[in-house]
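These notes are about the structure you will find just below.
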Amino acid sequence: MSSMNPLQTSRESGRHSLLVALGLFFLLLVVLLWSAGNGQAQSAVADAIPETVVTDVVHIQSGFEVPVRLHGLVESAQSTDVGFDVGGILSSLTVDEGDSVTRGQVLARLNTDRLQAQTQELNAALARAEANAELARISKDRVDELADRKLESGQRRDEVRAQLDAANAQVREIQAAIARVAVETDKSVLTAPFSGTIARRYVDEGATMTPPAAVFRVTNNQQLQVRFAVPADDIAYFDEDQRLEVQVGGRAYTGRVLRKLPLRSTQTRTVDLLVTFVSSPALFPGDMATITVTRDRPEQGAWLPVSALSNGLRGLWTVFVVNDDPANAQKAKISARSVEILYTDGQRAFVRGALQDNEQYVTGGTHKLSPGQLVSTTQRESQPEALQ
1 MSSMNPLQTS RESGRHSLLV ALGLFFLLLV VLLWSAGNGQ AQSAVADAIP
51 ETVVTDVVHI QSGFEVPVRL HGLVESAQST DVGFDVGGIL SSLTVDEGDS
101 VTRGQVLARL NTDRLQAQTQ ELNAALARAE ANAELARISK DRVDELADRK
151 LESGQRRDEV RAQLDAANAQ VREIQAAIAR VAVETDKSVL TAPFSGTIAR
201 RYVDEGATMT PPAAVFRVTN NQQLQVRFAV PADDIAYFDE DQRLEVQVGG
251 RAYTGRVLRK LPLRSTQTRT VDLLVTFVSS PALFPGDMAT ITVTRDRPEQ
301 GAWLPVSALS NGLRGLWTVF VVNDDPANAQ KAKISARSVE ILYTDGQRAF
351 VRGALQDNEQ YVTGGTHKLS PGQLVSTTQR ESQPEALQ
């Protein structure tokens, strides 16, 4: 029995390895061809079913309105600090903070013991002066009678007349002093200058008052107004007697422009606008009020929904515009346009840039799109005119 020599064994082993390598090569080739065919099929399916986008029409306009919100504080049309015109010790307070008062109602009193003593002293002095004046009158009458009968000299007549004039002058002087004390006594009683509410009390009983120290602050809550600080560029939008909607605490009230003050604040460079309420709302001084006005901006552009915008380069934004594909009426190709946002209210944005009137733009889903992509389009449902 003969055996295979080493040379034959090596040839058989090489032939076997070659067959295995050829088999692996053909297997790999089949896998690659299958993968390529499957990818082309998927690509064909993708090309056959393009992305569907919702479009709308660009409406170019020559300007837009920007709402401007102005804030102000409700204040009383009548508000003043009241105090005594004379000094003294505060003896009593008849009202307190929050009390309603009527015009002329007594609010506080000063101690008048000193004034009463002065009045008694002056009354006594007046009685003495009147007695002296009466004596001077009697003396004058006697001297006049004697002088007429040539029993008294003319000089004596002149002396008694001067004495009578001096006595009468002293009477008038004391009467004036009594009137002055009476005025001080009247001013020792503090009364309300108008009907309203005691907004603040500054002192307590027993305090020593010196003019012009205040005792109370009185406000008239029935006549309320709002003071708005309006930028000088916006004050022209308001006219006297113009009706406005004033928002206070989430509720709307009807206001009327009372006046535009002809002064500009040196600190804020604003002009004060006073607005009164048509009715008498249950508000309080210090409440925050808001009015909204519209400012015209002459800028050419278009309103677009915020969802139609995507981030662009160098601070600009991108809008996708739909262009019809001449080769396929069922598909359209999109292109990117750069725009600048001039104003946005959170839902819409007014933009200017490379947009043409009546162009079709994609309203949303821009994160799934790229320039040159083929899409199928559907028209956006019509919106209310106020949102256009």
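The numbering of the sequence shown is the UniProt record's numbering, which starts it at 1 and goes up by one. Ideal placement from N, C-alpha and C gives every residue a C-beta, glycine not left out.
Give the straight-line distance between the Cα atoms of residue i and residue j, rounded to the nearest whole angstrom.
i	j	result
E184	Q120	14 Å
D345	V106	55 Å
F350	A302	5 Å
I291	L258	14 Å
A44	A354	Any reading at A44 needs caution, since the residue's pLDDT is 47, under 50, leaving its predicted position unreliable; the model's value is listed next. Between A44 and A354, the C-alpha separation is close to 34 Å.
V218	V246	25 Å
residue 392	P193	In the structure as shown, the chain starts at 1 and stops at 388, and residue 392 therefore has no counterpart that could be examined.
E152	I138	15 Å
A108	A129	36 Å
G365	R269	45 Å
S370	Q300	27 Å
N132	D165	11 Å
T191	R103	8 Å
S100	V189	18 Å
R156	E134	18 Å
L32	F26	10 Å
I178	A117	11 Å
A252	N311	39 Å
A236	A336	41 Å
P281	Q222	8 Å
D324	V30	41 Å
T378	T318	20 Å
A136	E173	17 Å
L90	V82	14 Å
D158	T94	58 Å
D186	D85	10 Å
A46	K368	Confidence at A46 is low in this model, with a pLDDT of 46, below 50, so the placement of that residue should be treated as unreliable; the coordinate-derived value is given next. C-alpha separation (whole angstroms): 14 Å.
G249	L316	39 Å
G286	S76	9 Å
N22	L28	What sits at residue 22 in the sequence shown is Leu, not Asn. Between L22 and L28, the C-alpha separation is close to 10 Å.
K150	N111	60 Å
K260	R243	14 Å
T80	A232	29 Å
S17	V53	58 Å
Which residues mark the beginning and the end of the alpha helix (DSSP H) in which residue i is found?
i	result
Q118	113-148
Could you pull the start and end residues of the beta strand (DSSP E) that residue i belongs to?
i	result
N168	Counting along the chain, N168 falls outside any beta strand (DSSP E), though it belongs to the alpha helix (DSSP H) covering 154-187.
Y343	332-344
L90	88-93
T270	270-277
K260	251-264
S376	374-379
G109	Correcting the residue identity first, residue 109 is Arg in this sequence and not Gly. From DSSP, the beta strand (DSSP E) with R109 extends over 106-110.
D324	317-324
Q247	243-248
Per DSSP, residue i is paired with what?
i	result
W34	In DSSP, W34 forms no bridge with anything.
E65	D296
P231	T270
L70	I291
T55	V362, Q379
L190	A108
D96	D96 is not bridged to any residue.
F216	V82, R201
S310	T318
R348	P305
Q225	E75, T276
A102	In the sequence as presented, Ala is not what sits at residue 102; that position holds Thr. Note: T102 sits in no beta bridge, so no partner.
T208	I89
G353	V339
G196	V101
Write down the C-beta distance between residue i and residue j rounded to the nearest angstrom, noting that I regard them as a contact closer than 8 Å.
i	j	result
V278	G255	7 Å
D288	G87	For the record, residue 288 in the displayed sequence is Met; it is not Asp. That pair is no contact at about 40 Å.
I198	D96	7 Å
V171	L115	So it is not a contact: roughly 21 Å between Cβ atoms.
V322	L224	The Cβ separation is near 56 Å, so there is no contact.
V226	V275	5 Å
V293	D239	Between D239 and V293 the Cβ distance is about 12 Å, and since that is not below 8 Å, they are no contact.
D168	S195	Per the sequence shown, the amino acid found at residue 168 is Asn instead of Asp. N168 to S195, Cβ: 46 Å. No contact.
R297	G63	6 Å
R352	V362	Their Cβ separation, rounded to whole angstroms, is 18 Å, which puts R352 and V362 out of contact at 8 Å.
E65	R295	7 Å
Should residue i be counted as a contact of the ligand HEM given a C-beta to heavy atom distance under 6 Å?
i	result
Q247	With respect to the ligand HEM, the structure offers nothing, as it holds no ligand at all.
Contact between the region 255-267 and the region 196-214 (3+ Cβ pairs under 8 Å): The region 196-214 and the region 255-267 do not touch, with fewer than three beta-carbon pairs separated by less than 8 Å.
Three-pair Cβ contact test at 8 Å for the region 304-315 versus the region 64-79: Segments in contact, no.
The region 122-134 contacting the region 211-231, beta-carbon criterion three pairs below 8 Å: The region 122-134 is not in contact with the region 211-231.
Cβ contact (3+ pairs, closer than 8 Å) linking the region 358-365 and the region 53-61: As far as the Cβ criterion goes, the region 358-365 touches the region 53-61, which means the pair count is three or higher.
Touch test, the region 359-374 against the region 330-337, Cβ-Cβ under 8 Å, three pairs minimum: The region 359-374, when compared against the region 330-337, does touch it at the 8 Å Cβ threshold.
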